[in-house]
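Enquirer:
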Amino acid sequence: MSQTADRPDVEQTAGGAADGAVPPHRYTPALAQQIELAWQDRWEREGTFHTPNPTGRLSEGFDEVADRPKFFVMDMFPYPSGTGLHVGHPLGYLGTDATSRFRRMDGDNVLHPMGYDAFGLPAEQYAVQTGQHPRTTTEANIAAIRGQLRRLGVDHDERRTFATIDPGYYRWTQWIFLKIFGSWFDADAGRARPIAELVAELDAGTREPAPGTNETGRPWPELDDVERRRVVDAHRLAYLHQAPVNWCPGLGTVLSNEEVTPDGRSERGNFPVFRRPLTQWMMRITAYAERLLADLDRLDWSDSVKQMQRNWIGRSTGARIGFSVGVAGRADDAADQTIEVFTTRPDTLFGATYVVLAPEHPLVDALTAGSWPSGVDPRWTGGEATPREAVTAYQRQASRRSELDRQNENREKTGVWLGVTAVNPVNGRELPVFVADYVLTGYGTGAIMAVPGEDTRDWDFAEAFGLPVVRTVQPPADFAGGAWTGAGPVINSANDDISLNGLDRATAIATVTEWLVRHGSGEATTTYKLRDWLFSRQRYWGEPFPVVYDEHDLPVAVPESMLPVLLPDVDDYSPKTFADDDAESAPEPPLSRVTDWTTVELDLGEGPKKYRRETNTMPNWAGSCWYYLRYIDPDDDRRMVDPDNERYWLGPREPGDVGGVDLYVGGMEHAVLHLLYARFWHKVLFDLGYVSSEEPFRRLVNQGYISAYAYTDERGFYVPAAEVEERDGRFFFQGRPVNREYGKIGKSLKNMVTPDEMIGAYGADTFRVYEMSTGPLEQSRPWETKAVVGSQRLLQRIWRVVVDESSGVARAADVEPDEDTLRALHRTIAGVRDGMATLRFNIAVARITELTNHLTSAYGADRPVPRSVAEPLVLMVAPLAPHIAEELWSRLGHSRSLAWHPFPVADERWLVEDTVQVAVQVNGKVRAQVTVPADADAAALEAAARADEKVAGHLAGRTVRRVVAVPGRLVNFVVG
RNA sequence: GCCCCCGUAGCCCAACCGGCAGAGGCAGGCCCCUUAAAAGGGUCCGAGUGUGGGUUCGAACCCCACCGGGGGCACCA
44 MSQTADRPDV EQTAGGAADG AVPPHRYTPA LAQQIELAWQ DRWEREGTFH
94 TPNPTGRLSE GFDEVADRPK FFVMDMFPYP SGTGLHVGHP LGYLGTDATS
144 RFRRMDGDNV LHPMGYDAFG LPAEQYAVQT GQHPRTTTEA NIAAIRGQLR
194 RLGVDHDERR TFATIDPGYY RWTQWIFLKI FGSWFDADAG RARPIAELVA
244 ELDAGTREPA PGTNETGRPW PELDDVERRR VVDAHRLAYL HQAPVNWCPG
294 LGTVLSNEEV TPDGRSERGN FPVFRRPLTQ WMMRITAYAE RLLADLDRLD
344 WSDSVKQMQR NWIGRSTGAR IGFSVGVAGR ADDAADQTIE VFTTRPDTLF
394 GATYVVLAPE HPLVDALTAG SWPSGVDPRW TGGEATPREA VTAYQRQASR
444 RSELDRQNEN REKTGVWLGV TAVNPVNGRE LPVFVADYVL TGYGTGAIMA
494 VPGEDTRDWD FAEAFGLPVV RTVQPPADFA GGAWTGAGPV INSANDDISL
544 NGLDRATAIA TVTEWLVRHG SGEATTTYKL RDWLFSRQRY WGEPFPVVYD
594 EHDLPVAVPE SMLPVLLPDV DDYSPKTFAD DDAESAPEPP LSRVTDWTTV
644 ELDLGEGPKK YRRETNTMPN WAGSCWYYLR YIDPDDDRRM VDPDNERYWL
694 GPREPGDVGG VDLYVGGMEH AVLHLLYARF WHKVLFDLGY VSSEEPFRRL
744 VNQGYISAYA YTDERGFYVP AAEVEERDGR FFFQGRPVNR EYGKIGKSLK
794 NMVTPDEMIG AYGADTFRVY EMSTGPLEQS RPWETKAVVG SQRLLQRIWR
844 VVVDESSGVA RAADVEPDED TLRALHRTIA GVRDGMATLR FNIAVARITE
894 LTNHLTSAYG ADRPVPRSVA EPLVLMVAPL APHIAEELWS RLGHSRSLAW
944 HPFPVADERW LVEDTVQVAV QVNGKVRAQV TVPADADAAA LEAAARADEK
994 VAGHLAGRTV RRVVAVPGRL VNFVVG
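Numbered according to our numbering, the first sequence spans residues 44 to 1019.
1. Got a sec, what are the start and stop residues for the beta strand (DSSP E) residue 359 sits in?
2. Taking residue 735 as the reference, give the member of 687, 744 and 763 with the closest Cα.
3. If you draw a straight line from the C-alpha of residue 138 to the C-alpha of residue 882, how long is it?
4. Starting from the N-terminal side, write out each stretch of the beta strand (DSSP E) that is 3 residues or longer and does not extend beyond the segment 55-136.
5. What does DSSP give as the partner residues of residue 493 in its beta bridges?
6. For residue 830, is the classification buried or exposed, using 16 other Cβ atoms within 10 angstroms of its Cβ as the cut-off for buried?
7. Would you call the CB atoms of residue 1021 and residue 84 closer than 8 Å?
8. Pick from 297, 642, 544 and 586: whose alpha carbon is nearest that of residue 596?
9. Comparing C-alpha positions only, which one of 395, 394, 294 and 366 sits nearest to residue 382?
10. Return the bridge partner residues of residue 565 from the DSSP annotation.
11. Pairing CB atoms from the segment 868-883 with CB atoms from the segment 826-843, are three or more of them under 8 Å?
12. Which of the three DSSP states is assigned to residue 683 in this structure?
13. According to the Cβ coordinates, are residue 477 and residue 462 closer than 8 Å?
14. Can you tell me whether residue 82 is buried or exposed, with buried defined as 16 or more other CB within 10 angstroms of its CB?
15. Can the beta-carbon of residue 241 be found closer than 8 Å to that of residue 278?
16. Should residue 559 and residue 602 be called a contact, given that it needs their Cβ atoms to be closer than 8 Å?
17. Could you tell me the boundaries of the alpha helix (DSSP H) in which residue 470 lies?
18. Could you compute how far the alpha carbon of residue 967 sits from the alpha carbon of residue 1018?
19. If the criterion is Cβ atoms closer than 8 Å, does the pair residue 495 and residue 620 meet it?
20. Determine the burial state of residue 1001: buried for a count of at least 16 other Cβ atoms within 10 Å of its Cβ, exposed for fewer.
21. One question on the structure: do residue 963 and residue 1011 come within less than 8 Å of each other, judged by their Cβ atoms?
22. Determine which residues share a DSSP beta bridge with residue 968 and list them.
23. So if DSSP puts residue 322 in a beta bridge, which residue, or which two residues, is it bridged to?
24. Would you mind giving the Cβ-Cβ distance between residue 474 and residue 464, rounded to the nearest angstrom? I have them listed as a contact below 8 Å.
25. So, helix, strand or coil for residue 608, using DSSP?
26. So, using beta-carbon positions, are residue 129 and residue 891 closer together than 8 Å?
27. Using the C-alpha atoms, what's the distance from residue 303 back to residue 96?
28. Kindly list the residues whose CB is nearer than 8 Å to the CB of residue 884, restricted to its own chain and excluding five residues on each side of it in sequence; keep chain order.
29. Using only CA atoms, which one of 124, 166, 115 and 74 lies nearest to residue 616?
30. On the premise that residue 919 lies in contact with residue 947, defined as a C-beta separation below 8 Å, what is that separation, rounded to the nearest angstrom?
31. Is residue 325 near residue 578, with beta carbons less than 8 Å apart?
32. Using the beta-carbon count (16 or more within 10 Å), is residue 1014 buried or exposed?
33. Quick one: is residue 264 buried, meaning 16 or more other Cβ sit within 10 Å of its Cβ, or exposed?
34. What whole-angstrom Cβ distance do residue 348 and residue 714 have, given they're in contact under 8 Å?
35. Hey, out of 584, 600 and 582, whose CA is closest to residue 590's CA?
36. Is the segment 493-510 close to the segment 395-411, with three or more CB pairs under 8 Å?
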């Protein structure tokens, strides 16, 4: 992230204190710096924030906290990229820090760790730009951000810190890969199982290879060893697959679907992306689609993130329907093939008038006819002499078409006819079969039945190609034309056997599906938009795969005892990149050039043999998929995670609970990728018995963004926001008027504000209080530098309540507080607790401000504040502004840190009033206030209200139809 | 086009389960302190909840429609 973790600039502010006008012991920025640095040293020296595990090497001191509830809170760890940290970044870190400190004081055993996500493209690109090894730059960036976090005063247990690039960490990333590689998804059991169990069942004859996994078509007992390995490999959760991938020549690597923007460019770097077939590692996340979807309901996450994951998984139900091809007597070579289509609208089957295959559909070649029949519609041929030429030309054109064209909204539908027809199973109608790129390879079966009457895309295609339309849903009388996708009774849908006519959609779907099943022509099915996860990258800066290839070019797992497979040091770590638009180029991973590494002699049980290493590396997401588990003990070199410690920190709290991290805070931008991948890995680890929790993150909170004003001059260029002056509501830069805009903080808008500047000017505590006071954690908010002074003033007042500004000594008195003060104190405690518990730190700050203001006016300079009020005030400030709180606590005579001191508890006695004011409404309008005993019942309330003369005036001469009296709240007279 | 979230004072934000719209901060006014300014302290000032309907004794809160802002998905059959 940033390299600007400067020591605070004490000089800048120290000058003012020499001026005599300021009392010598005022809480100035200079004093804040001193206090903060001193306490940060002491926390580190004393290991104040060390959290014990139940067992293992980090278990020292666990006995003292064994009876506490556990609380695991963490942030999405930073990616230290070297491009500067701004005030938006710490928002979440401070939220978890305040929560962590509060929960610790309130009696929890709190785990609050931090680590660094450091493999991946940005670090590599930064290194290439600066001509340094990625490890050098990455480690420098980590050191910088580590210093910055320390300067903010966060309470991470630094013994649990690690980076994903540490060999001691990625060893276990590779280990998890081996576990995934070493398992398969048993669809009947709905979970992953070790691959050895599959082999055992195949050998025993109790299981057949899954459909599509046995290319030979021969039974398992007849296969030789290599053929058997191919069958087994095709079952694995991590598998090699040749498929069209997103090849990005500009980056020299392939990208996952998730890393490609909707306009067909790379999310990183904005280079064009092309589809081309390559053999790559895939992760079978689709096997978990149903569980990933269903378990969302068991998570305490925001609706929007859940919704985004639901959309991404994209479950839809419908039917698979077989259309047979190769009608007798037709001059084509497509004998006895069946096209499987997927549809969510089997109720419209009678309206299908043609069939479409995706250009990459495997049946296209086999189905293409030798010649056009006479009289073929010229629109159907693509201008070619034969179907084969037309199809080949179309496929080439489609593969070249960048995704940029594809997303063009109103692009005309294109396609060509294969020269064959397929038979609609429900009415025997012969439908022409087209290939067209509006049908996607990866979704459903890659083939559709086209129903132009009820689908706008099919309608558009039918219009362009002159295809017929059969309506099967009755549109409303005033319908203008085109495809009708709304509801309506079914029409034109009957054969000798069934009729759907008059049925509603749901009934029609059930009826026709049942008919299809009975006739062996289809079945009800569910599909997902989610695709398997492309897991290979042709980059240097990533985890090497723990995989080698043997003489059959089949993958072999590197034994666990040989982990980690270290990333070799190389001179040239940049990938071979190509011209942005060179779609024909092929990936060339940097590791493939390290020839003394790529070839290796190993004894994997068959004696020493030469093997070829996998030269791809894992994607950036791998390291962040499981880092929360490693915080439990990053130095455990025997296990990924100790099961007892995992059960303690992450296990289910009660039967049926998903378990996981108790509070996970991070940006909305990871709503799909990181969170979905991590959930997937966690579920695999759960299935294999390595973790006791079903989900990684029980509760997720997305912190808001911080935006700031930006300013443009008359040419539209951004000017430095910090130098813009406001006069009479208008804005000027160097005397010239500028326009005010609003946007995310950053370099490009020239509106960057760094925490270092703020800490330099006010100290970390002021910065912390400011960020926490601007709203609930989830709320996005504007940054306003000039408002920071308000938080500074609050801390100064708190300081003055406790410390004499001229002598620097605590001025708390051992006297009894008055009742007003006690009420104020306990109301504050209740409010602060509420704010802390609900991550509405602004509420906590507001309550503390009220109490401080009360104390300031109730106890002047000559009347010290009672100790029994000053101390709880200091304790309540501690989670938000820990340094000043520690300092005040210490000046109040305590030698130990307050970090483990119990948080104040409100006394109910001072929360309830003897009497309460309730509003009296007449027809819902507030007309008077009456004071009644706090426990007055409805009748007493009504009596008191009627006795009020203003109320009597409103009621005089009118009929009271009804009286609503809510004890403690109000009385409402409903009059006629 | 579809889906999700959000509209309260000049600005940022509160308001428990539907029960008196205001806690806090910024900005602004006035006063004190000061030779003056800054810093500091004190005090004052504020809207009726985007719009229109509905439910209710009672709506910022629940329902419907619309407007505005933010985000996601998008030829997904």
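Just so it is clear, CB atoms sit at the ideal spot from N, CA and C, and this is done for glycine as well. Note that this is a predicted model, so its numbers are computed, not measured.
Expert: In terms of the structure at hand:
1. 359-368 is the extent of the beta strand (DSSP E) around residue 359.
2. When each option's Cα is compared against that of residue 735, the closest is 687.
3. Roughly 7 Å separates the two Cα atoms.
4. With a minimum length of 3 residues, the continuous beta strand (DSSP E) runs that stay inside the segment 55-136 are 113-118.
5. When DSSP reads this structure, residue 493 sits in a beta bridge with 397.
6. So residue 830 counts as exposed.
7. There is simply no residue 1021 to check, as the chain begins at 44 and stops at 1019 in what is shown.
8. Of 297, 642, 544 and 586, the residue nearest in Cα terms is 642.
9. Answer by Cα proximity: 366.
10. DSSP, once it has assigned bridges, lists 364 as partnering residue 565.
11. Taking a cut-off of 8 Å on C-beta distances, the segment 868-883 does not touch the segment 826-843, as fewer than three cross pairs fall below it.
12. In the structure shown, residue 683 sits in coil (DSSP, three-state: anything other than H, G, I, E or B).
13. For residue 477 and residue 462, no; Cβs fall outside 8 Å.
14. Answer is buried; the Cβ neighbour count reaches 16.
15. In terms of Cβ geometry, residue 241 and residue 278 form a close pair [threshold 8 Å].
16. No, Cβ-Cβ distance for residue 559 and residue 602 is not below 8 Å.
17. Counted as a single uninterrupted DSSP element, the stretch harbouring residue 470 is not any alpha helix (DSSP H), since DSSP gives it neither H nor E.
18. C-alpha separation (whole angstroms): 10 Å.
19. No, they are not a contact pair.
20. With fewer than 16 other Cβ atoms within 10 Å, it is exposed.
21. Cβ distance not < 8 Å, so residue 963 and residue 1011 don't count as in contact.
22. For residue 968, the pairing in a beta bridge is given by DSSP as 965.
23. Residue 322 is bridged by DSSP to 285.
24. Confirmed, about 6 Å.
25. Three-state result, residue 608: coil.
26. Their beta carbons are not under 8 Å apart, which means residue 129 does not touch residue 891 by this criterion.
27. Annotation: residue 96 to residue 303 spans about 41 Å, alpha carbon to alpha carbon.
28. Taking C-beta separations shorter than 8 Å and ignoring five residues to either side along the sequence, the partners of residue 884 in its chain run 138, 141, 815, 816, 819, 820, 878 and 923, following chain order.
29. Among 124, 166, 115 and 74, the Cα nearest to that of residue 616 is on 166.
30. The Cβ separation is near 6 Å, so the contact holds.
31. Cβ distance < 8 Å, so residue 325 and residue 578 count as in contact.
32. When all chains shown are included, residue 1014 counts as buried.
33. So residue 264 counts as exposed.
34. Right, their Cβ atoms sit about 5 Å apart.
35. Cα-wise, what sits closest to residue 590 is 600.
36. A contact exists between the segment 493-510 and the segment 395-411.
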